[in-house]
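Engineer: Residue numbering for the sequence shown follows our numbering, beginning at 2 and increasing consecutively.
Here a beta-carbon is modelled for each residue, glycine too, at the ideal position from N, C-alpha and C.
In this text the structure is predicted, and so the values were computed from the model without any measurement.
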Amino acid sequence: MSSNDSSLMAGIIYYSKEKYFRHVQQAAAVGLEKFNNDPVLQFFKAYGVLREEHIQDAISSLESIRNHPDVSLCSIMALIYAHKCCETIDREAIQELESSLKEVRKTASGTALYYAGLFLWLMGRHDKAKEYIDRTLKISSSSREGYVLRGWVDLSSDKPHTVKKSIKYLEHGIQDTKDILGLMGKVMYFMILQNYSGALEVVNQITVTCGSFLPALVLKMQLFLARQDWEQTVEMGHSTPGLPVHHQLLESTQTHVH
């Protein structure tokens, strides 16, 4: 995948974070039609399957990519998690995976560390994720993706002073590019600060770049909701039927309009 496909990965990461695991699989499958056998897309397709608790299918997919250097660490971590979810836990398999993880970690590339950090963050292990992302940035100080992800990890914190630091990382990662995941992070940052006009400005930047990018439309709808702009919310909900939001949400919003 090239960096021009930032909307594809941003969508997959967003759906993973929001726990729309079927959307994760669908987006990865669409990406694989274009980038045949891409290990990162294969990993996320398997990740979506794993989080829907189809454990054996996930294990077999992850086993097939665990030797690819870019996704070796995250695949082994996901395999350990998968084996621990099995009804009958294979202790030997877990032991083998844990020692393999230690070995692979010694020579892991910045890319492998990045995807391991991404997996840990999605699994809610923020401190461990920071550790891996900081190692990514140590190896590759120009990794824009690394800075953006570091910003997202801080953004997910329940400590306000940590959240405030996230913008520095996000800005560093975005620089003069239109990195979609970075811009989405800025939207979230402004929303947390209740700077809705700032958030809307950034959402509009994303929709200008890729108008049909569903996560940006979801963010826009959340923004209208936060501003209690009921009419715009309902209008968006009806004009974008693919939005992964609950129908009850739209119905409850409509009661405010009438």
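Confirm, please, whether the CB-CB distance from residue 81 to residue 63 is below 8 Å.
Structural biologist: The residue given as residue 63 occupies position 62 in the sequence shown. The residue given as residue 81 occupies position 80 in the sequence shown. Their beta carbons are not under 8 Å apart, which means residue 63 does not touch residue 81 by this criterion.
Engineer: Apart from the five residues on each side of it in sequence, which residues of its chain come closer than 7 Å, Cβ to Cβ, to residue 42?
Structural biologist: Translated into the one-based positions of the sequence shown, residue 42 becomes position 41. For residue 42, where only same-chain residues beyond five positions count, the Cβ hits under 7 Å are 29, 32, 33 and 36.
Engineer: Output the distance between the C-alpha atoms of residue 239 and residue 233, rounded to the nearest integer angstrom.
Structural biologist: As a first step, residue 239 must be located in the sequence shown, where it is residue number 238. As a first step, residue 233 must be located in the sequence shown, where it is residue number 232. Cα to Cα, the separation comes out at about 10 Å.
Engineer: Report the option in 23, 225 and 220 whose CA atom is closest to the CA atom of residue 186.
Structural biologist: For the purposes of this step, residue 186 is taken as residue 185 along the sequence shown, with counting starting at 1. For residue 186, the nearest C-alpha among the options comes from 220.
Engineer: Below 8 Å on the Cβ atoms is my guess for residue 133 versus residue 118; work out the distance and round it to an integer in Å.
Structural biologist: Walking along the sequence shown from the start, residue 133 turns up at place 132. Walking along the sequence shown from the start, residue 118 turns up at place 117. Confirmed, Cβ separation roughly 3 Å.
Engineer: Given that a residue counts as buried once 16 or more other Cβ atoms are within 10 Å of its Cβ, and exposed if not, what is residue 5?
Structural biologist: In the sequence shown, residue 5 corresponds to position 4, counting from 1. Low local confidence applies: a pLDDT of 48 at residue 5 is under 50, so the model's placement there is unreliable, and no value is given.
Engineer: Label residue 26 either buried or exposed according to how many other C-beta atoms from any shown protein chain fall within 10 Å of its C-beta, with 16 as the threshold for buried.
Structural biologist: For the purposes of this step, residue 26 is taken as the residue at position 25 of the sequence shown. Residue 26 is buried by the Cβ-count criterion.
Engineer: With the cut-off set at 8 Å, would you say residue 78 and residue 120 are in Cβ contact?
Structural biologist: By 1-based counting over the sequence shown, the position of residue 78 is 77. By 1-based counting over the sequence shown, the position of residue 120 is 119. Cβ distance < 8 Å, so residue 78 and residue 120 count as in contact.
Engineer: Would you decide whether residue 147 is buried or exposed? Buried here means 16 or more other CB atoms lie within 10 Å of its CB.
Structural biologist: Within the sequence shown, numbered from 1, the residue matching residue 147 stands at position 146. Under this definition residue 147 is a buried residue.
Engineer: From the DSSP output, in three-state form, read off residue 5 for me.
Structural biologist: The residue given as residue 5 occupies position 4 in the sequence shown. With a pLDDT of 48 at residue 5, under the threshold of 50, the predicted position of this residue should be treated as unreliable, though the coordinate-derived value follows. In the structure shown, residue 5 sits in a helix (DSSP, three-state: H, G or I).
Engineer: Whose CA, out of 144, 155, 190 and 197, lies closest to the CA of residue 176?
Structural biologist: Within the sequence shown, residue 176 is the residue found at index 175, counting from 1. Checking every option, the nearest Cα to that of residue 176 belongs to 144.
Engineer: Would you call the CB atoms of residue 192 and residue 227 closer than 8 Å?
Structural biologist: Within the sequence shown, the letter at position 191 stands for residue 192. Within the sequence shown, the letter at position 226 stands for residue 227. With contacts defined by Cβ atoms closer than 8 Å, residue 192 and residue 227 form a contacting pair.
Engineer: Buried or exposed for residue 19, going by 16 or more other Cβ atoms inside 10 Å?
Structural biologist: Taking the first residue of the sequence shown as 1, we reach residue 19 at position 18. The residue is exposed, with fewer than 16 neighbouring Cβ atoms inside 10 Å.
Engineer: Among the residues of its own chain, which have a CB less than 7 Å from the CB of residue 184, if the five just before and after it don't count?
Structural biologist: Against the sequence shown, residue 184 aligns to sequence position 183. 175, 203, 206 and 207.
Engineer: Mind reading off the beta-carbon distance from residue 156 to residue 10? Whole number of angstroms is fine, and I expect it under 8 Å.
Structural biologist: As a first step, residue 156 is located in the sequence shown; it is residue number 155 there, counting from the start. As a first step, residue 10 is located in the sequence shown; it is residue number 9 there, counting from the start. That belief does not hold up - the Cβ atoms of residue 156 and residue 10 are roughly 17 Å apart, past 8 Å.
Engineer: Quick one: grab the DSSP three-state call for residue 139.
Structural biologist: Here residue 139 refers to the residue found at position 138 of the sequence shown. Of the three classes helix, strand and coil, the one that applies to residue 139 here is helix, per DSSP.
Engineer: Span of the alpha helix (DSSP H) holding residue 33?
Structural biologist: Stepping through the sequence shown from its first residue, residue 33 is reached at position 32. The continuous alpha helix (DSSP H) containing residue 33 extends over residues 22-35.
Engineer: Can you give the Cα-Cα distance for residue 106 and residue 74, rounded to whole angstroms?
Structural biologist: Residue mapping note: residue 106 aligns to position 105 of the sequence shown, counting from 1. Residue mapping note: residue 74 aligns to position 73 of the sequence shown, counting from 1. In a straight line, the C-alpha of residue 106 is about 7 Å away from that of residue 74.
Engineer: Between residue 93 and the ligand FAD, is the CB less than 7 Å from at least one heavy atom?
Structural biologist: The ligand content of the structure shown is nil, which means the ligand FAD is not present either.
Engineer: Write down the C-beta distance between residue 171 and residue 197 rounded to the nearest angstrom, noting that I regard them as a contact closer than 8 Å.
Structural biologist: On the sequence shown, residue 171 is found 170 positions in, with the first residue counted as 1. On the sequence shown, residue 197 is found 196 positions in, with the first residue counted as 1. The Cβ separation is near 18 Å, so there is no contact.
Engineer: Could you give the DSSP three-state label for residue 314: helix, strand or coil?
Structural biologist: Coverage of the chain is limited to positions 2 through 259, which leaves residue 314 absent and any answer about it impossible.
Engineer: Whose C-alpha, out of 103, 222, 95 and 212, is nearest the C-alpha of residue 201?
Structural biologist: In the sequence shown, residue 201 corresponds to position 200, counting from 1. When each option's Cα is compared against that of residue 201, the closest is 222.
Engineer: Have a look at 137, 90 and 159 and flag the residue whose alpha-carbon is nearest the alpha-carbon of residue 149.
Structural biologist: Here residue 149 refers to the residue found at position 148 when the sequence shown is read from its first residue. Residue 149 has its Cα closest to that of 137, out of 137, 90 and 159.
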